[in-house]
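Residue numbers (our numbering), protein chains in the order written: chain B, 3 to 286; chain G, 1077 to 1345.
What follows is a single structure, written as structure tokens, with notes after it.
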């Protein structure tokens, strides 16, 4: 059955693009979750909805307008957080509803929802073209390379912004670079699970990976593995049962998270830790 | 040997809204000093440190190796700083090694700093020597603070004392021009405090790192520091440790004002 599915070009393309998206969402998600920006993905995806509506309204390729509007939304979010007393989650809420409102206005004025818009809302990984696949691959490679090069700076920034500033890191510039990368990640990933479920791929594999209690590189590795397993098995199962791949992918990720949390509370994960790290700590 | 001070503070005042947190204080720190700063809670010690670190607006002058302005700012990454408490997510996925490696700064910044230091006539070229394998530097720093065996331990699993030593190691990897410790053992048990003080003494004497350290613990200051500054918004004393501890009047005033602050903080009258 799996071999049969793999013989179809559309499944192959979906898997290649899906794996790329799984990798960027989990890598970027590690920083987003740790910075308490878990709902950033959701906020930016809703802004992207506004961007897509702009594209459809103007008759321009909607993904490009989504990129532009989302990056602007991300930068606006960062500015709002930095220069006002508004907390991170409230800032996300303001940007989220603004994007959505723009989208609703433009959609209603252009005659209602189209098939295109639905594919962005709920994902359409099995319908992506060769060009889309190549674009997702190229952008994903760029994001992973950038994150790999800048991971030390981003980790420092995530750990403690003031310490990063004292160490001489250009904190403001890094924050803007971070938001731009996160916005590009969200828009690139929309084709896989859609606007409504994107934050699942950013948040769930990372919460599960952090439950293993490892260092940064291992946590990113575990998160990427969980994400890839969810996406690959989700696409194959959705083909087999003829259900929506986006929902299937997210439900598999949720099942893995529950499994990890149950294993941790049963002491199975900490037992692995103790074997590898025999030293004891002193509690003060 | 040049007589340029590592740090010079001249007529420094820092205000919050309408009141002064630091009022016209002046002191200097010489290379190799272990300066203990004492003062009650709210005396402006943390505010002073934040100004030195470029995080706080001030009036007056602060000089590093005689430099001000942009040259001063380019030396800032070469200052090590351990705050009272660093807050982070309990399950933050970083090991001791990950945190200490954050302290490694780029060769470009090191070279720039070393050139500046030489410009002011100091024969202080440790920075050049330091350019090399980062992994070796991290291992050396962890050995110095006695945490080599915990290098792969997740930071959320460490005790308060171990954590503070991790942050010292993070500062040590860049072989700092100056190490600033802001009440570093406030929430640490006595045994860990002794370990911590021994590490401070070791890096001051063996690595010849200049240290400025604020504390309420007069016993520790009298045992480990070589110079003392006593402040409560204004500077009341700055000089040799022996002089401070032999001035009974000053000690009495300090102890009384500390007690008053302590009682005020705890709602006692």
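Backbone N, C-alpha and C define an ideal beta-carbon position, used for all residues, glycine too.
Would you decide whether residue i is buried or exposed? Buried here means 16 or more other CB atoms lie within 10 Å of its CB.
i                      : result
residue 165 (chain B)  : buried
residue 1249 (chain G) : buried
residue 1251 (chain G) : buried
residue 1095 (chain G) : exposed
residue 1217 (chain G) : buried
residue 131 (chain B)  : exposed
residue 87 (chain B)   : exposed
residue 1125 (chain G) : buried
residue 40 (chain B)   : buried
residue 120 (chain B)  : exposed
residue 1163 (chain G) : exposed
residue 1201 (chain G) : A caution first: residue 1201 (chain G) carries a pLDDT of 49, below 50, which makes its placement in the model too unreliable to give a value.
residue 1282 (chain G) : exposed
residue 285 (chain B)  : The predicted position of residue 285 (chain B) is uncertain, since its pLDDT is 38 and thus under 50; a value taken from the coordinates is nonetheless stated next. Exposed: under 16 other Cβ atoms inside 10 Å.
residue 258 (chain B)  : buried
residue 14 (chain B)   : exposed
residue 252 (chain B)  : buried
residue 103 (chain B)  : exposed
residue 10 (chain B)   : exposed
residue 101 (chain B)  : buried
residue 1173 (chain G) : buried
residue 1161 (chain G) : exposed
Whose C-alpha, out of the options, is nearest the C-alpha of residue i?
i                      : options                           : result
residue 8 (chain B)    : B:253, B:240, B:252 and B:97      : B:240
residue 1108 (chain G) : G:1286, G:1248 and G:1255         : G:1286
residue 1255 (chain G) : G:1261, G:1262, G:1296 and G:1244 : G:1244
residue 1106 (chain G) : G:1091, G:1084, G:1324 and G:1114 : G:1084
residue 1230 (chain G) : G:1165, G:1142, G:1151 and G:1113 : G:1165
residue 1278 (chain G) : G:1291, G:1241, G:1264 and G:1262 : G:1241
residue 159 (chain B)  : B:38, B:11, B:68 and B:18         : B:38
residue 1158 (chain G) : G:1239, G:1140, G:1296 and G:1180 : G:1239
residue 256 (chain B)  : B:202, B:173 and B:223            : B:202
residue 84 (chain B)   : B:65, B:181, B:214 and B:59       : B:181
residue 63 (chain B)   : B:128, B:106, B:133 and B:20      : B:133
residue 187 (chain B)  : B:73, B:55, B:262 and B:56        : B:73
residue 154 (chain B)  : G:1176, G:1234 and G:1269         : G:1176
residue 1314 (chain G) : G:1088, G:1089, G:1140 and G:1101 : G:1101
residue 54 (chain B)   : B:26, B:107 and B:93              : B:107
residue 1182 (chain G) : B:226, B:17, B:152 and B:254      : B:152
residue 145 (chain B)  : B:224, B:207, B:238 and B:185     : B:185
residue 235 (chain B)  : B:126, B:20 and B:32              : B:20
For the beta strand (DSSP E) containing residue i, name the first residue and the last one.
i                      : result
residue 1243 (chain G) : Run containing residue 1243 (chain G): none in the beta strand (DSSP E); it sits in the alpha helix (DSSP H), 1236 to 1248.
residue 1180 (chain G) : From DSSP, residue 1180 (chain G) is part of no beta strand (DSSP E); its letter is neither H nor E.
Quick check: what's the CA-CA separation for residue i versus residue j?
i                      : j                      : result
residue 228 (chain B)  : residue 179 (chain B)  : 26 Å
residue 1211 (chain G) : residue 1274 (chain G) : 24 Å
residue 267 (chain B)  : residue 1280 (chain G) : 45 Å
residue 212 (chain B)  : residue 265 (chain B)  : 13 Å
residue 140 (chain B)  : residue 230 (chain B)  : 18 Å
residue 1196 (chain G) : residue 1190 (chain G) : 10 Å
residue 192 (chain B)  : residue 65 (chain B)   : 10 Å
residue 1304 (chain G) : residue 1123 (chain G) : 18 Å
residue 60 (chain B)   : residue 90 (chain B)   : 32 Å
residue 1323 (chain G) : residue 1112 (chain G) : 16 Å
residue 172 (chain B)  : residue 1128 (chain G) : 18 Å
residue 1136 (chain G) : residue 1330 (chain G) : 26 Å
residue 47 (chain B)   : residue 183 (chain B)  : 13 Å
residue 1148 (chain G) : residue 156 (chain B)  : 25 Å
residue 175 (chain B)  : residue 6 (chain B)    : 49 Å
residue 1227 (chain G) : residue 1320 (chain G) : 40 Å
residue 249 (chain B)  : residue 199 (chain B)  : 8 Å
residue 281 (chain B)  : residue 16 (chain B)   : Residue placement at residue 281 (chain B) is poorly supported in this model, since its pLDDT is 39, which falls under 50; the coordinates are not used for a value here.
residue 226 (chain B)  : residue 207 (chain B)  : 7 Å
residue 1118 (chain G) : residue 216 (chain B)  : 39 Å
residue 77 (chain B)   : residue 1302 (chain G) : 50 Å
residue 287 (chain B)  : residue 125 (chain B)  : Any answer about residue 287 (chain B) is impossible in this case: the structure gives chain B only from 3 up to 286.
Starting from residue i, trace the alpha helix (DSSP H) in both directions and tell me its first and last residue.
i                      : result
residue 67 (chain B)   : 64 to 85
residue 1315 (chain G) : No alpha helix (DSSP H) contains residue 1315 (chain G), which is instead part of the beta strand (DSSP E) from 1310 to 1316.
residue 26 (chain B)   : 11 to 36
residue 88 (chain B)   : Run containing residue 88 (chain B): none; DSSP gives neither H nor E here.
residue 1162 (chain G) : From DSSP, residue 1162 (chain G) is part of no alpha helix (DSSP H); its letter is neither H nor E.
residue 165 (chain B)  : 163 to 168
residue 1121 (chain G) : 1121 to 1128
So what does residue i bridge to, in DSSP terms?
i                      : result
residue 1095 (chain G) : G:1092
residue 1288 (chain G) : G:1111 and G:1256
residue 1143 (chain G) : G:1140
residue 1156 (chain G) : G:1255
residue 218 (chain B)  : Beta-bridge pairing links residue 218 (chain B) to no other residue.
residue 1083 (chain G) : G:1105 and G:1140
residue 1305 (chain G) : G:1113 and G:1314
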